[in-house]
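Quick note: full-length UniProt numbering has the sequence shown finishing at residue 508, numbered continuously throughout.
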Amino acid sequence: MTQTKKVLKYAIISIGFLLICGFLLVHNSFSHGSENGKDYSENTNHSFVTNHSFVIYSTFYYNHSKLYSDNSMVLLMNTHKNFDTNSLSIQCYSENQTTQITSNIQIRMGSVSAVDCQWAFFIANCSTVTNPHYFGLTSSDNPKPVEIDFETPILDKKYPVIMCYPPMVYEARWQQIIFATEIYHYFGTDLQIQYINSAMKEIVDILEVYESKGWVKNERFAFFDFVDEDVETIGLNPMLEIQVRNFPVASTDCLMRYRESSEFIIVADVDDILFPKHGTFFAEFLHLKHKHPTAVGFMYHRSYAKIDVAKTFEKFSMKNSLQTFQITKPTFYGKTIHQPKYSETAWVHNPGLNNDTTITILPEEHKMWHVMIEAKKVRKVKSFARFTNEKQADSDFEKYTIEKDAIEAIEESFVKTFKNFTNIPKNNNAYTEILYNCFKKHEGWDGSLPCFTPLRCKTPKSVPNFKCKVAQRDYKVRRLADNIMLYLSKNPYSWKSSDNGCQLLSHN
Numbered sequence: 001m002t003q004t005k006k007v008l009k010y011a012i013i014s015i016g017f018l019l020i021c022g023f024l025l026v027h028n029s030f031s032h033g034s035e036n037g038k039d040y041s042e043n044t045n046h047s048f049v050t051n052h053s054f055v056i057y058s059t060f061y062y063n064h065s066k067l068y069s070d071n072s073m074v075l076l077m078n079t080h081k082n083f084d085t086n087s088l089s090i091q092c093y094s095e096n097q098t099t100q101i102t103s104n105i106q107i108r109m110g111s112v113s114a115v116d117c118q119w120a121f122f123i124a125n126c127s128t129v130t131n132p133h134y135f136g137l138t139s140s141d142n143p144k145p146v147e148i149d150f151e152t153p154i155l156d157k158k159y160p161v162i163m164c165y166p167p168m169v170y171e172a173r174w175q176q177i178i179f180a181t182e183i184y185h186y187f188g189t190d191l192q193i194q195y196i197n198s199a200m201k202e203i204v205d206i207l208e209v210y211e212s213k214g215w216v217k218n219e220r221f222a223f224f225d226f227v228d229e230d231v232e233t234i235g236l237n238p239m240l241e242i243q244v245r246n247f248p249v250a251s252t253d254c255l256m257r258y259r260e261s262s263e264f265i266i267v268a269d270v271d272d273i274l275f276p277k278h279g280t281f282f283a284e285f286l287h288l289k290h291k292h293p294t295a296v297g298f299m300y301h302r303s304y305a306k307i308d309v310a311k312t313f314e315k316f317s318m319k320n321s322l323q324t325f326q327i328t329k330p331t332f333y334g335k336t337i338h339q340p341k342y343s344e345t346a347w348v349h350n351p352g353l354n355n356d357t358t359i360t361i362l363p364e365e366h367k368m369w370h371v372m373i374e375a376k377k378v379r380k381v382k383s384f385a386r387f388t389n390e391k392q393a394d395s396d397f398e399k400y401t402i403e404k405d406a407i408e409a410i411e412e413s414f415v416k417t418f419k420n421f422t423n424i425p426k427n428n429n430a431y432t433e434i435l436y437n438c439f440k441k442h443e444g445w446d447g448s449l450p451c452f453t454p455l456r457c458k459t460p461k462s463v464p465n466f467k468c469k470v471a472q473r474d475y476k477v478r479r480l481a482d483n484i485m486l487y488l489s490k491n492p493y494s495w496k497s498s499d500n501g502c503q504l505l506s507h508n
């Protein structure tokens, strides 16, 4: 088979899979705070029932940008996937010390939507004044703007290679988090961004150690904890109708923050491991960039792998885990390295927009490993996007050799980092097993079951001895027009702690 035919083959498979589903995995909380966690002040009518509801997660102002025109504002939001943009009369309003302007807004779906979920990820863009001190949305029904808080991208330091992880939800896999963090740092990732919704307290402690070293930046990421009144107004609980931990919003938030300061952004889970062929990630991706300078991204297919890990922190060894690395051959849908100069949004596996210029790396040239720490979770691959319920036979594995110098250096780094670490994690896989089985049940993605989200998985009210930290944030409600309601974050994130499990939502 020629190279061109191979590329065409995998492109056709990828497109077919995208049309089938919004691929998922498990894993989010905007929580309650003062008085049910919301504020019904200005521009709001309690008895009003809106036709359009927008949950705005984050907003970014770009003075100059690789991708956007000067003085651009970008909003990341969730709303019903079938809403009609032509029925809305929304505009942007901005002002600085000398100027004010009103501009048109463009709202687009930010990535492929899941067939079984009613809500989806959208992105909105508009022009503003230079360096605005105020930004808001307005409509023909409501000339008074609704103020929208905004941020600016990271500009004060360059990070050639960034790693963006999707939100952790009910996270307990401390071995895999250490494994991924150490490997990605060793091979040249300049900063790893961890979006944390809910996790074992000891995992947050571990990530804070890495953050103190400058390896990791921890971003809290919350669900909106809608009260019953708002659920009735909207007609459903949006948090139960958003796919994959709201992965596209979180990953695109990461793209937006580091677009101007990075050249390459890896978007993958903690169990997705890539070893560069060219020494470092930067060298690897630069090689691809020289061959495909305007590609929106480079997608590596994945194959299952497994490692041995100790069940206690005291016995955990990066060296032992790396030396027991075993791989399988069947490939399935992969993950993407984005070029932020061209990639506007991120989906689970590939760029959410302009994906037609993504370059797929042929599996025989290089691939990413989907690493399991339990052999029973290495499943047989049925097709490019489907798995059987059968466990992969031991005879299907082969040893993967990693350079001895790399193993020794990674082990030395781990030991040095945690030499004085006292918040020792203990294995507690209650949530891991629940989410794994729940995921398997829903992985048909054909619309026959409700939207797959961790919030629909049946979890116990308490898990003894599972210390949990959950990101939370209050929200406020604003009426923009007769048929438009906005749900906005109200204050900075905070942690909600528990000694007996994770409660993601108070009103679910």
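For every residue, glycine included, the Cβ atom is placed at its ideal position computed from N, Cα and C.
By the C-beta density criterion, Val309 is buried, having at least 16 other C-beta atoms within 10 angstroms. Of all alpha-carbon atoms in Pro248, Pro363, Glu284, the one lying nearest the alpha-carbon of His301 is that of Pro363. Fully contained in the segment 281 to 339 are the following alpha helix (DSSP H) runs of length 4 or more, in chain order: 281 to 291, 318 to 323. Around Thr85, the same chain offers Ile107 as residues with beta carbons nearer than 7 angstroms, after the five sequence neighbours per side are excluded. Residue burial is scored here from C-beta neighbours: Asn350 has at least 16 other C-beta atoms within 10 angstroms and is therefore classed as buried. The beta-bridge partner set that DSSP reports for Val161 consists of Phe264.
Val161 and Gln192 have their C-alpha atoms some 9 angstroms from each other. With a 10 Å radius around the Cβ and a threshold of 16 neighbouring Cβ atoms, Pro153 comes out buried. For Glu151, DSSP records a beta bridge to Phe60. Contact between the segment 196 to 214 and the segment 460 to 477 is present: 3 or more CB-CB pairs across the two stretches fall below 8 angstroms. C-alpha of Pro132 to C-alpha of Thr138: approximately 16 angstroms in a straight line.
In the DSSP assignment, Tyr475 falls within the unbroken beta strand (DSSP E) covering 475 to 481. Within the segment 349 to 427, the complete alpha helix (DSSP H) segments of 4 residues or longer fall at 404 to 417, listed in chain order. In the assembly as shown, His338 is a buried residue. Its beta-carbon has 16 or more other beta-carbons within 10 Å. For the pair Thr432 and Ala124, the CB atoms are not nearer than the 8 angstroms cut-off.
In this structure, DSSP gives Leu137 an extended state, which the three-state scheme calls strand. Judged by their CB atoms, Thr358 and Val267 are not nearer to each other than the 8 angstroms cut-off. In its chain, beyond the 5 residues on either side, Phe54, Val55, Tyr57, Trp119, Ala120, Phe121, Phe122, Pro238, Ile242, Asn246, Val249 have a beta carbon closer than 8 angstroms to the beta carbon of Asn78. For Gln175, the enclosing alpha helix (DSSP H) begins and ends at 174 to 186. Here DSSP, grouped into helix, strand and coil, assigns Val74 to strand. Taken through DSSP and simplified to helix, strand or coil, Cys438 comes out as helix. Membership of Glu202 in the alpha helix (DSSP H) is indicated by the continuous run 201 to 212. In this structure, the CA atom of Lys319 is about 11 angstroms from the CA atom of Ile307.
Your pair Gly188 and Phe282 checks out as a contact, with CB atoms roughly 5 angstroms apart and the cut at 8 angstroms. Exclusion of the five residues before and after Leu207 leaves Gln194, Val216, Asn218 as the residues of its chain whose Cβ lies within less than 6 angstroms of its Cβ. DSSP places Ala222 in the coil class of the three-state scheme, outside both helix and strand.
In this structure the segment 401 to 412 touches the segment 174 to 189; the number of beta carbon pairs closer than 8 angstroms is three or more.
The three-state reading of DSSP puts Arg456 in helix, counting H, G and I together. Counting along the chain, Ala120 sits inside the beta strand (DSSP E) bounded by residues 119 to 127. In the DSSP assignment, Glu95 falls outside any alpha helix (DSSP H) and within the unbroken beta strand (DSSP E) covering 90 to 95. Here the alpha carbon of Cys502 sits roughly 46 angstroms from the alpha carbon of His290. Within the same chain, Cys468 come within 6 angstroms of Ser498 by CB-CB distance, once the 5 residues on both sides are set aside.
The distance from the Cβ of Val209 to that of Thr417 is about 6 angstroms, consistent with a contact at the 8 angstroms cut-off. Linking Lys335 to Asp272 through their CA atoms gives a straight-line distance of about 8 angstroms. In this structure, the CA atom of Thr59 is about 4 angstroms from the CA atom of Leu75. Assignment of Arg257 by DSSP, reduced to helix, strand and coil, places it in the helix class.
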